[in-house]
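Residue numbers for the sequence shown, in my numbering: 570 to 755.
Note that beta-carbon positions come from the ideal geometry of N, C-alpha and C, so glycine has one too.
Just so it is clear, the structure is predicted and the values come from calculations on it, not from any experiment.
One structure is given below, encoded as structure tokens.
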Amino acid sequence: MVFGLFRKKNNNRAIVDRQYATLTSAARQPDFYLHLGVPDTVMGRFELLSVVMILYFRRTKSSATSGQEIAQEIVDAFFQDLDHSMRELGVGDQSVPKRMKKFAGMFYGRLESYAAALDAADGQALAAALLRNIYPQTEASAPDMRGLANWMMTAAQALSAQSEDLIATGHVTLPIPDLRGSNEFD
Numbered sequence: 570m571v572f573g574l575f576r577k578k579n580n581n582r583a584i585v586d587r588q589y590a591t592l593t594s595a596a597r598q599p600d601f602y603l604h605l606g607v608p609d610t611v612m613g614r615f616e617l618l619s620v621v622m623i624l625y626f627r628r629t630k631s632s633a634t635s636g637q638e639i640a641q642e643i644v645d646a647f648f649q650d651l652d653h654s655m656r657e658l659g660v661g662d663q664s665v666p667k668r669m670k671k672f673a674g675m676f677y678g679r680l681e682s683y684a685a686a687l688d689a690a691d692g693q694a695l696a697a698a699l700l701r702n703i704y705p706q707t708e709a710s711a712p713d714m715r716g717l718a719n720w721m722m723t724a725a726q727a728l729s730a731q732s733e734d735l736i737a738t739g740h741v742t743l744p745i746p747d748l749r750g751s752n753e754f755d
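Next up, the structure:
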């Protein structure tokens, strides 16, 4: 009986790895950086990966227990990746925990504000939240975030239409950004 628990964890590892790779690949789509105003910087990539993880996490909050477990493991993998990336960038071992705490606070703050705007289907509030988070110092001269907000709303709908089986097997996908009319709200 105890060994069954370990096997489940191993089975989840393959699912988590597959799903995490799909999600990180979605966040690396060049159109986000070339056409939707996300800066191609370390922080810009953190912001977009956070957006993707938040969309996935929101979808799985209503999933069965196994889907929620997988989602938690994916969020854990996201934070492990952040930790690893900081160390690769030369952040000292003493500073990493403090920075990880800051990134966790940023992530969960974004989760709250983006979820509220998505739940209200308020594209303008979502675009404003994205602008505040992605361009905190230069809001006045920052690119328009309506295209990214539109994509997020479309992606949230696409995710909600995906089956529990796709979640349980790590085959959830996100739509590629559609750049036609991307700066107008429906």
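Contact between the segment 631-647 and the segment 691-698 is absent, with fewer than three C-beta pairs closer than 8 Å.
For LEU735, the closest of PHE601, GLY636, GLU616 by C-alpha to C-alpha distance is GLY636. Of the residues GLU657, GLN726, GLN649, ASP691, the one whose Cα lies closest to the Cα of LEU624 is GLN726.
Within the segment 700-726, not a single complete alpha helix (DSSP H) segment reaches 4 residues in length. Contact between the segment 674-693 and the segment 579-599 is absent: fewer than 3 CB-CB pairs across the two stretches fall below 8 Å. With respect to the 8 Å criterion, GLN598 and PRO746 are classified as neighbours on the basis of their beta carbons. Just so you know, the alpha carbons of ALA685 and GLN663 end up roughly 35 Å apart.
If you check the CB distance, LEU743 and VAL621 come in under 8 Å. Spanning the alpha carbons of ASP609 and ASN581 requires a straight line of approximately 32 Å. Take GLY739, set aside five residues on each side of it, and the residues of its chain with a beta-carbon closer than 6 Å to its own are ILE584, ARG587, GLN588, in chain order. Secondary structure at THR593: helix, using DSSP grouped into helix, strand and coil. Under the three-state reduction of DSSP, VAL607 is assigned to coil, being neither helix nor strand. Per DSSP, ASP747 lies in no alpha helix (DSSP H) segment and is marked neither H nor E.
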